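In this note's numbering, the protein residues as written are 437 to 693. Glycine included, every Cβ here is placed at the ideal spot set by N, Cα and C. Just so you know, these numbers come straight off a predicted model, no measurement behind them. Report on one structure; see the data block that follows.
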């Protein structure tokens, strides 16, 4: 008798058309339909469910390329990156990277970044919001301890950098948007903080140094190290202004030394 992990691997390989289909057919109980037919029905249901999950997360990407193109991309992505969780909210993280490597999408270089923005929106919306850090708590930290201070960010915080105007593209393809509006790729790129605020997803434009500073904090760097990285990029970076701005946004949720 096969161990459970081996049984699961054989069934998943059959559903994803990997390897020898016959290795899984004998695992299917006899019924009115042949095992191969029953596996094909299950495979179709699984794939269609996952395609529907991707359509729910990436409606703008689908609108940009059309349903047929999107379904082709989705099915190809599912074959390479099947769901690994029982929670469909977690499925789809690989789609932007898949689009970067998928030859049919090469003529649409902005598409992976639009998809990356959609994933950031999806994850930000479904994350729980934590109580924000009070500015008074930060002000109470002794000066000599501040460089080593590590600031925690909201779980919903996501960062996105693109050479294309992906936020304008995203906004122009929302329900109720002006359908006559056009977006030129020559408008330039974006650096964004995407986060949830009062059950709404908000987009915060960032400067280059500000993005570097926040990313360093997000990665666990101390306040002094994060400021040094930002100042290396822009010696005029306003540390106090950036700190006050993001405290007011509720981005920071805690601190540790």
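Check	Outcome
Neighbourhood of residue 547 by C-beta, 6 angstroms cutoff - its chain only, sequence neighbours within 5 removed	535 and 541
DSSP state of residue 657 mapped onto helix, strand, coil	coil
Three CB pairs or more closer than 8 angstroms across the stretch 676-688 and the stretch 562-572	yes
C-alpha distance - residue 494 paired with residue 554, whole-angstrom precision	6 angstroms
3-residue-minimum beta strand (DSSP E) runs that sit fully inside the stretch 588-643, ordered along the chain	594-598, 626-633 and 636-641
In chain order, each alpha helix (DSSP H) run of at least 4 residues that lies wholly inside the stretch 551-594	571-575
Contacts around residue 559, its chain only, beta-carbon distance under 7 angstroms, and the 5 residues preceding and following it disregarded	594
Neighbourhood of residue 565 by C-beta, 7 angstroms cutoff - its chain only, sequence neighbours within 5 removed	590, 592 and 632
Supposed close pair residue 531, residue 489 - CB separation, criterion 8 angstroms	Actually they are not in contact, since the Cβ atoms of residue 531 and residue 489 sit about 10 angstroms apart, beyond 8 angstroms.
Three-way DSSP call (helix, strand, coil) for residue 693 in this model	coil
Rounded separation between residue 509 and residue 614 - CA only	27 angstroms
Residue 606 vs residue 529 beta-carbon contact at 8 angstroms	no
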